[in-house]
Amino acid sequence: MMGRIQFYNWSGALIGALLSGLASTRAQAEPPQLAIQECAYCHGVDGIARERDVPHLAGQNEGYLFNQMMAFRSGKRTHKEMRFEVRRLTVHEVEALAAYYASLPPR
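Here my numbering is used: the first residue of the sequence shown is -14, the next is one more, and so on.
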């Protein structure tokens, strides 16, 4: 019985540490305002594009947004402007942008 209690104490501490680290990582992962402004030219400040051929980003799945931006960045997905814009960002900035647009309310 003693071993089980020690395991629960250890696992609870580990889970608490992981959640704390995740919260601080998310807080640090704020997208740079310049990147948001650059994205807003085509995708709108609120993540709702004004042009028909430009996708809305607001409320999209965070993982999907991240994967698509990384595909543009690597050249796996082709789009001249997107490749240029995303290549200037760090991976952490791409993560932050994906989280930002996913958090916006969709229309």
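Where a beta carbon is used, it is the ideal one built from N, C-alpha and C, also for glycine.
Measuring only the C-alpha atoms, how far is R73 from H41?
R73 and H41: Cα-Cα distance of roughly 21 Å.
CB-CB length for C27 against L82, believed under 8 Å:
Actually they are not in contact, since the Cβ atoms of C27 and L82 sit about 13 Å apart, beyond 8 Å.
Please report the Cβ distance between Y85 and I33, rounded to the nearest whole angstrom; I am assuming they are in contact, meaning their Cβ atoms lie under 8 Å.
Contact between Y85 and I33 is ruled out by a C-beta separation of about 14 Å, above the 8 Å threshold.
Whole-angstrom C-beta distance between R35 and G29, which should lie under 8 Å:
The pair is a contact, with the Cβ atoms about 6 Å apart (cut-off 8 Å).
Below 8 Å on the Cβ atoms is my guess for R92 versus A43; work out the distance and round it to an integer in Å.
In this structure, R92 and A43 form a Cβ contact; the two beta carbons are roughly 7 Å apart against a cut-off of 8 Å.
Measuring CB to CB, does M54 end up less than 7 Å from V79?
Closer than 7 Å, so yes.
Pairwise C-alpha distance: G60 and N46
Separation of N46 and G60 (C-alpha to C-alpha, rounded to the nearest whole angstrom) is 21 Å.
Between which two residues does the alpha helix (DSSP H) carrying A126 extend?
No answer is possible for residue 126: it lies beyond the span of the chain, which begins at -14 and ends at 92.
Kindly provide the ranges of any alpha helix (DSSP H) runs that are 4 or more residues long and lie completely inside the region 17 to 78, ordered along the chain.
The region 17 to 78 contains these whole alpha helix (DSSP H) runs: 18 to 28, 47 to 59 and 65 to 72.
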